[in-house]
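Engineer:
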Amino acid sequence: MGSSTNLFTFYQLETTNVVLGLLSSGSVVFLAGDLLYVWWVYQSNERRVNKTMEKGTRPQLAVLEDEYVPRPKVIERLKGIFQPNKNHSYYHAVCGEHGTGKTTLTRIVANEVGKGVIYIDIPSNFNKLGDEFGKAINFTFEEDASLTMQLKRKIFRETGDETKRASEVYKTKYGKPPVIVYDNISRIAHKNPEILDILQDDAKDNADDRKYIAVFVSSEGSVPRRMQSRSAWSRARAPIEIGDISREESLNYLINRRGIKTVKEGKIDTTDAEKLYDLVGGRILDLKSVADEYQQGQSIEGRISFDILHYVVLL
Numbered sequence: 001m002g003s004s005t006n007l008f009t010f011y012q013l014e015t016t017n018v019v020l021g022l023l024s025s026g027s028v029v030f031l032a033g034d035l036l037y038v039w040w041v042y043q044s045n046e047r048r049v050n051k052t053m054e055k056g057t058r059p060q061l062a063v064l065e066d067e068y069v070p071r072p073k074v075i076e077r078l079k080g081i082f083q084p085n086k087n088h089s090y091y092h093a094v095c096g097e098h099g100t101g102k103t104t105l106t107r108i109v110a111n112e113v114g115k116g117v118i119y120i121d122i123p124s125n126f127n128k129l130g131d132e133f134g135k136a137i138n139f140t141f142e143e144d145a146s147l148t149m150q151l152k153r154k155i156f157r158e159t160g161d162e163t164k165r166a167s168e169v170y171k172t173k174y175g176k177p178p179v180i181v182y183d184n185i186s187r188i189a190h191k192n193p194e195i196l197d198i199l200q201d202d203a204k205d206n207a208d209d210r211k212y213i214a215v216f217v218s219s220e221g222s223v224p225r226r227m228q229s230r231s232a233w234s235r236a237r238a239p240i241e242i243g244d245i246s247r248e249e250s251l252n253y254l255i256n257r258r259g260i261k262t263v264k265e266g267k268i269d270t271t272d273a274e275k276l277y278d279l280v281g282g283r284i285l286d287l288k289s290v291a292d293e294y295q296q297g298q299s300i301e302g303r304i305s306f307d308i309l310h311y312v313v314l315l
């Protein structure tokens, strides 16, 4: 009986060892597969990010040619920022009120410069921020980035590491740091200011190390004020302010690009264009709006009456 029991116990132990051995072997196979997959994803991401960094993201333009107002001085200033020299060690802020054309000008310059400019448009939906970062640098995540903690990990560990490596490769090849543009940064300043602070700290650190140059584009004064109140501002240049266009530029837009003029007795009459400018001033978004309404048949007097009524209601 004792011999049978010992034999049974021995059989159980041997069977268990065999099963454990098989499981262990399977684990090794699965582990090797996982490691191979991780290595493949890493290598693929590295190649894509390097290629994107070299080519630039070249964002699409959302303005029609006849609605674009040339601003050569602003364009040249932005080009100077988007094409830093190898020793450039500052980051930048571009600000201006809503409707002054910041995004249009930024996208135009990003396209004209091309190489080494990564443009990231901060989405209105905060949960899609990680996806936008990944899309901008052509980076693939393994899972969705919907939660804030996942988002921080993805942006500041995964994409951040790849961006820094790609920046070093780009600088070695071209002798200057690449540029990362964060457009509409005010969209996260209120919902999650901690993200803005981390981006600013990262911008300072990378400016110190001359790895890449960050450019923050904002339509709210509260964003540059917050950034200026922090120690990381020590590596920022004075903000570039984009304001309204001049009377001459406004009339040129209304008359020559939008065709708001009449011919009387062989002479060009620009009275209506001048009235529209006097009505809304040099804010390009407002000029486009009144030009659209005028061409759709709304009278200037009707627009003035609407504005007066709107003002009275607000009071």
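Letter by letter, the sequence shown follows residues 1 to 315 of full-length UniProt numbering.
All C-beta atoms in this analysis are idealised placements derived from N, C-alpha and C, irrespective of residue type, glycine included.
Spatial neighbours of LYS51 within its chain, please: CB distance less than 8 Å, with the 5 preceding and 5 following residues excluded, ordered by chain position.
Structural biologist: Working through the sequence shown from its first residue, we reach residue 51 at position 51. Excluding positions up to five away in sequence, the list reads ASN138.
Engineer: Only counting runs of 4 or more residues, tell me where the alpha helix (DSSP H) segments fall wholly within the segment 53 to 119, in order along the chain.
Structural biologist: 72 to 82, 102 to 113
Engineer: So ILE260 and PRO178 are supposed to be a Cβ contact under 8 Å. How far apart are they, rounded?
Structural biologist: Taking the sequence shown and counting its residues from 1, the one referred to as residue 260 is at position 260. Taking the sequence shown and counting its residues from 1, the one referred to as residue 178 is at position 178. With 8 Å as the limit, ILE260 and PRO178 do not qualify as a contact, their Cβ atoms being about 42 Å apart.
Engineer: Could you check which residue in ARG47, LEU78, GLY175 has the C-alpha nearest to that of ILE242?
Structural biologist: Here residue 242 refers to the residue found at position 242 of the sequence shown. Of ARG47, LEU78, GLY175, the residue nearest in Cα terms is LEU78.
Engineer: Taking 8 Å as the threshold (C-beta atoms), are ILE213 and PRO59 in contact?
Structural biologist: Against the sequence shown, residue 59 aligns to sequence position 59. Against the sequence shown, residue 213 aligns to sequence position 213. Taking 8 Å as the Cβ cut-off, PRO59 and ILE213 do not qualify as a contacting pair.
Engineer: How do the segment 59 to 69 and the segment 205 to 225 stand: do at least 3 beta-carbon pairs fall below 8 Å, yes or no?
Structural biologist: Contact between the segment 59 to 69 and the segment 205 to 225 is absent: fewer than three C-beta pairs spanning the two stretches fall below 8 Å.
Engineer: When the Cα of ARG235 is compared with those of ASN87, ASP205, LEU61, THR271, which residue comes out closest?
Structural biologist: What you label residue 235 is simply residue 235 of the sequence shown in a count that begins at 1. The shortest Cα separation from ARG235 among ASN87, ASP205, LEU61, THR271 belongs to ASP205.
Engineer: So, with DSSP's three-state summary, where would you put ASP209?
Structural biologist: If you number the sequence shown from 1, residue 209 lands on position 209. ASP209 carries a coil assignment under DSSP once its states are collapsed to helix, strand and coil.
Engineer: What residue from LEU251, MET53, ARG230 has the CA that sits closest to LYS115's CA?
Structural biologist: As a first step, residue 115 must be located in the sequence shown, where it is residue number 115. Across the set LEU251, MET53, ARG230, the C-alpha of MET53 shows the shortest separation from the C-alpha of LYS115.
Engineer: Cβ of TYR253 within 8 Å of Cβ of LEU276?
Structural biologist: Here residue 253 refers to the residue found at position 253 when the sequence shown is read from its first residue. Here residue 276 refers to the residue found at position 276 when the sequence shown is read from its first residue. Against a cut-off of 8 Å, the Cβ pair of LEU276 and TYR253 comes out as no contact.
Engineer: Which residues does DSSP pair with LYS267 in a beta bridge?
Structural biologist: Position 267 of the sequence shown holds residue 267. DSSP output for LYS267 lists LYS264 as bridge partner(s).
Engineer: Closest to ARG283 by C-alpha separation, out of ASP292, SER246, ILE185, would be which residue?
Structural biologist: Here residue 283 refers to the residue found at position 283 when the sequence shown is read from its first residue. Nearest option by C-alpha distance: SER246.
Engineer: For LYS267 and ALA291, I'd like the C-alpha separation in whole angstroms.
Structural biologist: Here residue 267 corresponds to residue number 267 of the sequence shown, with the count starting at 1. Here residue 291 corresponds to residue number 291 of the sequence shown, with the count starting at 1. Each residue's alpha carbon lies about 21 Å from the other.
Engineer: Write down the C-beta distance between ARG230 and ASP197 rounded to the nearest angstrom, noting that I regard them as a contact closer than 8 Å.
Structural biologist: In the sequence shown, residue 230 corresponds to position 230, counting from 1. In the sequence shown, residue 197 corresponds to position 197, counting from 1. With a Cβ gap of about 7 Å, ARG230 and ASP197 count as contacting.
Engineer: Pull up the distance between the alpha-carbon of SER228 and that of LEU64, whole angstroms please.
Structural biologist: For the purposes of this step, residue 228 is taken as the residue at position 228 of the sequence shown. For the purposes of this step, residue 64 is taken as the residue at position 64 of the sequence shown. Here the sequence assigns Gln to residue 228, which means Ser is not the residue at that position. Taking the straight line joining both Cα atoms gives about 35 Å.
Engineer: From LEU7 to ARG47, what does the alpha carbon distance come to, in whole angstroms?
Structural biologist: The sequence position of residue 7 within the sequence shown is 7, counting from 1. The sequence position of residue 47 within the sequence shown is 47, counting from 1. Confidence at LEU7 is low in this model, with a pLDDT of 38, below 50, so its placement is unreliable and no value can be given for it.
Engineer: What are the residues that DSSP puts in a beta bridge with ASP202?
Structural biologist: One-based indexing of the sequence shown puts residue 202 at position 202. Answer by DSSP bridge pairing: none, since ASP202 is not bridged.
Engineer: Would you kindly check if the distance between the Cβ of VAL74 and the Cβ of GLU162 is under 8 Å?
Structural biologist: On the sequence shown, residue 162 is found 162 positions in, with the first residue counted as 1. On the sequence shown, residue 74 is found 74 positions in, with the first residue counted as 1. No, these two residues do not count as a Cβ contact at 8 Å.
Engineer: Roughly how many whole angstroms lie between the Cα atoms of ASP244 and GLU76?
Structural biologist: For this step, residue 244 is matched to residue 244 along the sequence shown. For this step, residue 76 is matched to residue 76 along the sequence shown. If you draw a straight line from the Cα of ASP244 to the Cα of GLU76, it comes to about 17 Å.
Engineer: Hey, is GLN298 close to the ligand MN, as in C-beta under 7 Å from one of its heavy atoms?
Structural biologist: With respect to the ligand MN, the structure shown offers nothing to examine, as it has no ligands at all.
Engineer: Rounded to whole angstroms, what is the Cα-Cα separation between GLN298 and LEU285?
Structural biologist: If you number the sequence shown from 1, residue 298 lands on position 298. If you number the sequence shown from 1, residue 285 lands on position 285. Straight-line Cα distance between these residues: approximately 17 Å.
Engineer: For residue 383, which of ASN127, ALA207, PRO123, ALA62 has the nearest alpha-carbon?
Structural biologist: Residue 383 lies beyond the residue range present for the chain, which begins at 1 and ends at 315; the question has no answer from this structure.
Engineer: Buried or exposed for GLN200, going by 16 or more other Cβ atoms inside 10 Å?
Structural biologist: Taking the first residue of the sequence shown as position 1, residue 200 is located at position 200. So GLN200 counts as buried.
Engineer: Rounded to whole angstroms, what's the CA-CA distance from ILE81 to ALA93? Just pull it up for me.
Structural biologist: Here residue 81 refers to the residue found at position 81 of the sequence shown. Here residue 93 refers to the residue found at position 93 of the sequence shown. Each residue's Cα considered, the two are about 10 Å apart.
Engineer: Please check the pair SER167 and SER219, which I expect to be a contact at CB under 8 Å, by giving their CB distance rounded to whole angstroms.
Structural biologist: On the sequence shown, residue 167 is found 167 positions in, with the first residue counted as 1. On the sequence shown, residue 219 is found 219 positions in, with the first residue counted as 1. Their Cβ separation, rounded to whole angstroms, is 27 Å, which puts SER167 and SER219 out of contact at 8 Å.
Engineer: Give me the Cα-Cα distance between SER222 and ASP269, rounded to the nearest whole angstrom.
Structural biologist: The residue you call residue 222 lines up with position 222 of the sequence shown. The residue you call residue 269 lines up with position 269 of the sequence shown. Cα to Cα, the separation comes out at about 43 Å.
Engineer: With a cut-off of 8 Å on the beta carbons, I'd call GLU274 and LEU251 a contact; round off their distance for me.
Structural biologist: Along the sequence shown, one-based indexing puts residue 274 at 274. Along the sequence shown, one-based indexing puts residue 251 at 251. Going by Cβ atoms, the distance from GLU274 to LEU251 rounds to 7 Å, so yes, they are a contact pair.
Engineer: Does the separation of the CB atoms of residue 328 and ALA232 fall below 8 Å?
Structural biologist: Outside the displayed range of the chain (1 to 315) lies residue 328, so it cannot be described from this structure.
Engineer: Got a sec, what are the start and stop residues for the beta strand (DSSP E) TYR182 sits in?
Structural biologist: Numbered from its first residue, the sequence shown carries residue 182 at position 182. From DSSP, the beta strand (DSSP E) with TYR182 extends over 179 to 183.
Engineer: Run the CB neighbour count on LYS173, radius 10 Å, all protein chains shown included, and call it buried at 16 or more, exposed below.
Structural biologist: Position 173 of the sequence shown, counted from the first residue, corresponds to residue 173. By the neighbour-count criterion, in which a residue is buried when 16 or more other Cβ atoms sit within 10 angstroms of its Cβ, LYS173 is exposed.
Engineer: According to DSSP, which residues form a beta bridge with ASP121?
Structural biologist: Within the sequence shown, numbered from 1, the residue matching residue 121 stands at position 121. DSSP, once it has assigned bridges, lists ASP183 as partnering ASP121.
Engineer: Enumerate in chain order the residues of its own chain whose CB-to-CB distance from LEU61 is below 6 Å, with the five nearest sequence positions on each side excluded.
Structural biologist: Indexing the sequence shown from 1 puts residue 61 at position 61. Once the five neighbours on either side are set aside, the close Cβ partners of LEU61 are ARG107.
Engineer: Which partner residues does TYR216 have in the DSSP bridge list?
Structural biologist: Reading the sequence shown from its first residue, position 216 is the one you call residue 216. The residue asked about is misnamed: residue 216 is Phe in this sequence, not Tyr. Answer by DSSP bridge pairing, in chain order: ALA93, TYR182.
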